[in-house]
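Engineer: Just dropping this structure here.
Number of protein chains: 2
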Amino acid sequence: MTFKATALRRDSLQQQIYDHLRSDIMTGAFKPGETLSSRSLAAELGVSAMPVREALTRLTTEGALELTTSRTLRLRLLTPEDLDEITAIRTDLEGRAAKRAAEQMTAESLARISKLNDDLTPAASSGNADRYLKANATYHAEIYKISGWPLLLSMIERLWLIVGPSIRTCVPDRDHMATSQGFHDAVMAALTKGDAEAVRTAIIDDIQTAAKDIRAFLASGQDH
Amino acid sequence: MTFKATALRRDSLQQQIYDHLRSDIMTGAFKPGETLSSRSLAAELGVSAMPVREALTRLTTEGALELTTSRTLRLRLLTPEDLDEITAIRTDLEGRAAKRAAEQMTAESLARISKLNDDLTPAASSGNADRYLKANATYHAEIYKISGWPLLLSMIERLWLIVGPSIRTCVPDRDHMATSQGFHDAVMAALTKGDAEAVRTAIIDDIQTAAKDIRAFLASGQDH
DNA sequence: ATCGTTGATCTGTGATCGCAGATTGCAGTG
DNA sequence: CACTGCAATCTGCGATCACAGATCAACGAT
């Protein structure tokens, strides 16, 4: 938890805390089923429980956390059915965002994406899961941002928020990173060629193979 | 505002308030640009400002409300670009939900939908906008619920939350209700025939013609 | 030694208070 | 009459306290 409570208030405290937790969850800083409490988080961050609880409430309504019967918050556990649903929605939304991004792509945007992809390749071969996950998240997010549709991006990020923890427990597999990187290269090739439909299918392939790996992991029951 | 604070706490107070406001916004109880404040709402509901502000915060992060520079909350105003984005996402998500609902349809479900459609027809011809909007919202929601995918439904409802107020200002047009009802009849016909793809296209047609009407209204600038 | 009970301590949730900006309206001055 | 300026009042936001339910550990009885 690397949080600076002393930072100037560009946003409200709860907004900063929300953004911080959201980013951490998306990149897999927490394990599925892990419990969080507003008071302990607040003490850790050096603030009162007030802004923390509002941030946690928001994450709960978005489906990232769930409230147990014993009134304790924990990271949501995915069922195979949940994963199927999320994967289907992801193919729709991320497919559309990727295609539109390809259509709106400029030389500057393409250069930025290319650089992120260059960061991603060594991260994948290094086998460092944390580094790879963060690079992967920013890579995808940057593409979707280029679509110019902020609501679409926020809805996609909500889905990442839910699958993030499960991705983290599955991705230490070096094979996963390698095959995923193959799809990313396909995305780059299609982007430079300006083939929007190819970009879309490459992104969808990436999503679906990732879902396949996660599903295998869920079936093994290792996260319970 | 018909809210019973004395109700038994099936859920937390903030959850009840959130659900209540959400439903009101979706069915157009508030006008675009209308301002809301936590204290006045709290006084109106007979509770403290605490649960109300958490509900309003949630609605803000979902894009239904926006925080002005003068620290006041108001219902989001849609730009034509916003509408294009939302409409595109709606066709993806509601199209998928409708198709899947058609595939999962049972005799009981079909009867329930058919009854809701029967409620909808007289509401459309009556010209009563409030009645029509509520019947329309429950009709669509009931179909999407049958898909068996709760996350998909909640994401769709988030979109309704954003377009809801604008639909309310546009729908008093009797022609709109009539043409929309035509699509609903097409949905029913396709559902009874078991043609999932036809259900999907009928829903998409409904969404896109509604968007066309809203766009015309936005262009007239009547909501500013 | 084992089982049952009880109290301390977690949890989320609601109420209340105070603070800092921003708006509004009324008063005073030119 | 027009304009300026100050004060009352609104806003969201954070801190703090209180309360009910649930967990858990320690203690006492059998």
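In the order they appear, the protein sequences are chains A and B. In this text, residue positions in the first sequence follow the numbering used here: the first is 1467, and each later residue adds one. In this text, residue positions in the second sequence follow the numbering used here: the first is 1467, and each later residue adds one. From the three backbone atoms N, C-alpha and C, an ideal C-beta is built for every residue, glycine too.
May I ask you to report which of helix, strand or coil DSSP gives glutamate 1532 of chain A?
Structural biologist: Position 66 of the first sequence, counted from the first residue, corresponds to residue 1532 of chain A. If DSSP states are grouped into helix, strand and coil, glutamate 1532 of chain A belongs with the strands.
Engineer: Is the Cβ of leucine 1531 of chain B closer than 8 Å to any Cβ of chain A?
Structural biologist: By one-based count along the second sequence, residue 1531 of chain B stands at place 65. For leucine 1531 of chain B, the answer is no, since every Cβ of chain A falls outside 8 Å of its Cβ.
Engineer: Which residues in chain B have a C-beta closer than 9 Å to the C-beta of leucine 1502 of chain A? List them in chain order.
Structural biologist: As a position in the first sequence, residue 1502 of chain A is number 36, starting the count at 1. Within 9 Å Cβ-Cβ: nothing; leucine 1502 of chain A doesn't reach chain B, min ~17 Å.
Engineer: Considering only the alpha carbon of each residue, which of A/Met1492, A/Ile1552, A/Ala1521 and A/Asp1477 lies closest to histidine 1606 of chain A?
Structural biologist: Counting from one through the first sequence, the residue named residue 1606 of chain A turns up at place 140. Comparing Cα positions, the closest option is A/Met1492.
Engineer: Within 8 Å, do at least three Cβ pairs link the stretch 1546-1563 of chain B to the stretch 1648-1655 of chain B?
Structural biologist: Counting Cβ pairs under 8 Å, fewer than three are found: no touch.
Engineer: Given this structure, state the Cα-to-Cα distance separating threonine 1675 of chain B from methionine 1643 of chain B, to the nearest angstrom.
Structural biologist: In the second sequence, counting from the first residue as 1, residue 1675 of chain B sits at position 209. In the second sequence, counting from the first residue as 1, residue 1643 of chain B sits at position 177. Roughly 11 Å separates the two Cα atoms.
Engineer: Skipping 5 residues on each side, what residues in its chain have a beta carbon closer than 7 Å to that of arginine 1505 of chain B?
Structural biologist: As a working mapping, residue 1505 of chain B is identified with position 39 in the second sequence. Answer for arginine 1505 of chain B: Ala1515, listed in chain order.
Engineer: For threonine 1527 of chain A and chain B, any beta-carbon pair shorter than 8 Å?
Structural biologist: Here the question's residue 1527 of chain A lines up with position 61 in the first sequence. Yes, its Cβ sits closer than 8 Å to a Cβ of chain B.
Engineer: Name the chain B residues that come within less than 7 Å of threonine 1587 of chain A, Cβ to Cβ?
Structural biologist: Within the first sequence, numbered from 1, the residue matching residue 1587 of chain A stands at position 121. Within chain B, no residue comes near threonine 1587 of chain A; the closest Cβ sits about 31 Å away, beyond 7 Å.
Engineer: Cα separation between arginine 1597 of chain B and glycine 1494 of chain B?
Structural biologist: Looking up residue 1597 of chain B in the second sequence gives position 131. Looking up residue 1494 of chain B in the second sequence gives position 28. Looking at the two C-alpha atoms, the distance is approximately 11 Å.
Engineer: What's the call for aspartate 1672 of chain B, buried or exposed, on a 16-neighbour Cβ count within 10 Å?
Structural biologist: Translated into positions along the second sequence, residue 1672 of chain B becomes position 206. By the 10 Å Cβ count, aspartate 1672 of chain B comes out buried.
Engineer: Is glutamate 1569 of chain A buried or exposed, if buried means 16 or more other CB atoms sit within 10 Å of its CB?
Structural biologist: The sequence position of residue 1569 of chain A within the first sequence is 103, counting from 1. The residue is exposed, with fewer than 16 neighbouring Cβ atoms inside 10 Å.
Engineer: Determine which residues share a DSSP beta bridge with leucine 1697 of chain A and list them.
Structural biologist: No information on residue 1697 of chain A is available, as it lies outside the stretch 1467 to 1690 that chain A covers here.
Engineer: In whole angstroms, what separates the C-alpha of glutamate 1608 of chain A from that of methionine 1654 of chain A?
Structural biologist: Counting from 1 along the first sequence, the entry for residue 1608 of chain A is found at position 142. Counting from 1 along the first sequence, the entry for residue 1654 of chain A is found at position 188. One C-alpha to the other measures close to 13 Å.
Engineer: Name, going along the chain, the residues of the stretch 1600-1630 of chain B whose beta-carbon falls closer than 7 Å to a beta-carbon of chain A.
Structural biologist: Listed by position, the residues of the stretch 1600-1630 of chain B near chain A (Cβ gap below 7 Å) are Trp1615, Leu1617, Leu1618 and Met1621.
Engineer: What is the DSSP secondary structure of leucine 1541 of chain A, counted as helix, strand or coil?
Structural biologist: The residue given as residue 1541 of chain A occupies position 75 in the first sequence. Note: leucine 1541 of chain A maps to strand in three-state DSSP.
Engineer: Should leucine 1511 of chain B be labelled buried (16 or more other beta-carbon atoms within 10 Å of its own) or exposed?
Structural biologist: The sequence position of residue 1511 of chain B within the second sequence is 45, counting from 1. Leucine 1511 of chain B is buried by the Cβ-count criterion.
Engineer: Name the DSSP beta bridge partners of threonine 1501 of chain A, please?
Structural biologist: One-based indexing of the first sequence puts residue 1501 of chain A at position 35. Note: threonine 1501 of chain A sits in a beta bridge opposite A/Arg1540.
Engineer: Measuring straight from C-alpha to C-alpha, what distance separates alanine 1590 of chain B and asparagine 1583 of chain B?
Structural biologist: Here residue 1590 of chain B corresponds to residue number 124 of the second sequence, with the count starting at 1. Here residue 1583 of chain B corresponds to residue number 117 of the second sequence, with the count starting at 1. Between alanine 1590 of chain B and asparagine 1583 of chain B, the C-alpha separation is close to 10 Å.
Engineer: With a threshold of 8 Å on Cβ separation, who are the neighbours of proline 1498 of chain B within its own chain once the five nearest residues in sequence on each side are excluded?
Structural biologist: As a first step, residue 1498 of chain B is located in the second sequence; it is residue number 32 there, counting from the start. Correct list, in chain order: Leu1541, Arg1542, Leu1543, Leu1544, Pro1631, Ser1632, Thr1635 and Asp1689.
Engineer: Which residue from A/Leu1525, A/Ala1664 and A/Ala1685 puts its Cα closest to that of serine 1489 of chain A?
Structural biologist: Position 23 of the first sequence, counting from 1, holds the residue named residue 1489 of chain A. Selected option, being the one with the closest Cα: A/Leu1525.
Engineer: Should glycine 1593 of chain A go down as buried or exposed, given a rule of 16 or more other Cβ atoms within 10 Å for buried?
Structural biologist: By 1-based counting over the first sequence, the position of residue 1593 of chain A is 127. The residue in question, glycine 1593 of chain A, is exposed, as its Cβ has fewer than 16 Cβ neighbours within 10 Å.
Engineer: Out of A/Leu1531, A/Ser1478 and A/Val1518, which has the shortest C-alpha to C-alpha gap to arginine 1624 of chain A?
Structural biologist: Within the first sequence, residue 1624 of chain A is the residue found at index 158, counting from 1. If we check each option's Cα against that of arginine 1624 of chain A, A/Leu1531 comes out closest.
Engineer: Put proline 1631 of chain B into one of helix, strand or coil per three-state DSSP.
Structural biologist: On the second sequence, position 165 is the one that residue 1631 of chain B refers to. Note: proline 1631 of chain B maps to helix in three-state DSSP.
Engineer: Quick check: what's the CA-CA separation for glutamate 1551 of chain B versus glycine 1614 of chain A?
Structural biologist: The residue labelled residue 1551 of chain B in the question sits at position 85 within the second sequence. The residue labelled residue 1614 of chain A in the question sits at position 148 within the first sequence. When rounded, the distance between both Cα atoms is 9 Å.
Engineer: Going by CA-CA distance only, name the one from B/Asn1602, B/Leu1487 and B/Leu1522 that's closest to leucine 1586 of chain B.
Structural biologist: Translated into the one-based positions of the second sequence, residue 1586 of chain B becomes position 120. Cα-wise, what sits closest to leucine 1586 of chain B is B/Asn1602.
Engineer: Does any residue of chain B have a CB that is nearer than 8 Å to the CB of aspartate 1485 of chain A?
Structural biologist: As a first step, residue 1485 of chain A must be located in the first sequence, where it is residue number 19. Not one chain B Cβ lies under 8 Å of aspartate 1485 of chain A.
Engineer: Excluding the five sequence neighbours on either side, which residues of its own chain have a C-beta within less than 7 Å of the C-beta of glutamine 1480 of chain B, listed in chain order?
Structural biologist: Residue mapping note: residue 1480 of chain B aligns to position 14 of the second sequence, counting from 1. Hits under 7 Å: Pro1517, Glu1520 and Ala1521.
Engineer: Could you work out which residue in A/Asp1641, A/Ala1662, A/Ala1664 and A/Tyr1610 is closest to alanine 1595 of chain A when comparing CA atoms only?
Structural biologist: Along the first sequence, one-based indexing puts residue 1595 of chain A at 129. Taking only the C-alpha atoms, the option nearest alanine 1595 of chain A is A/Asp1641.
Engineer: Grouping DSSP H, G and I as helix and E and B as strand, with all else coil, what is glycine 1561 of chain B?
Structural biologist: Working through the second sequence from its first residue, we reach residue 1561 of chain B at position 95. Three-state result, glycine 1561 of chain B: helix.
Engineer: Looking at the structure shown, is proline 1638 of chain A part of a helix, part of a strand, or coil, going by DSSP?
Structural biologist: If you number the first sequence from 1, residue 1638 of chain A lands on position 172. Proline 1638 of chain A: coil per DSSP, three-state reduction.
Engineer: Compute the distance between the beta-carbons of leucine 1684 of chain B and proline 1546 of chain B, then report whether it is under 8 Å.
Structural biologist: Sequence index remark: in the second sequence, residue 1684 of chain B carries index 218 (1-based). Sequence index remark: in the second sequence, residue 1546 of chain B carries index 80 (1-based). Yes, these two residues count as a Cβ contact at 8 Å.
Engineer: Beta-carbon of leucine 1559 of chain B versus every beta-carbon of chain A: anything under 8 Å?
Structural biologist: Reading the second sequence from its first residue, position 93 is the one you call residue 1559 of chain B. Yes, leucine 1559 of chain B counts as interfacial toward chain A.
Engineer: Within the 8 Å Cβ cut-off, does isoleucine 1555 of chain A reach chain B?
Structural biologist: Locating residue 1555 of chain A in the first sequence gives position 89, counting from the first residue. Chain B contact via Cβ: present.
Engineer: So, for valine 1629 of chain B: in the same chain, excluding its five sequence neighbours on each side, which residues have a beta-carbon less than 6 Å away from its beta-carbon?
Structural biologist: Taking the first residue of the second sequence as 1, we reach residue 1629 of chain B at position 163. Ile1552, listed in sequence order.
Engineer: Is it right to say glutamate 1560 of chain B is buried, meaning 16 or more other beta carbons lie within 10 angstroms of its own, or is it exposed?
Structural biologist: In the second sequence, residue 1560 of chain B corresponds to position 94, counting from 1. That one is buried.
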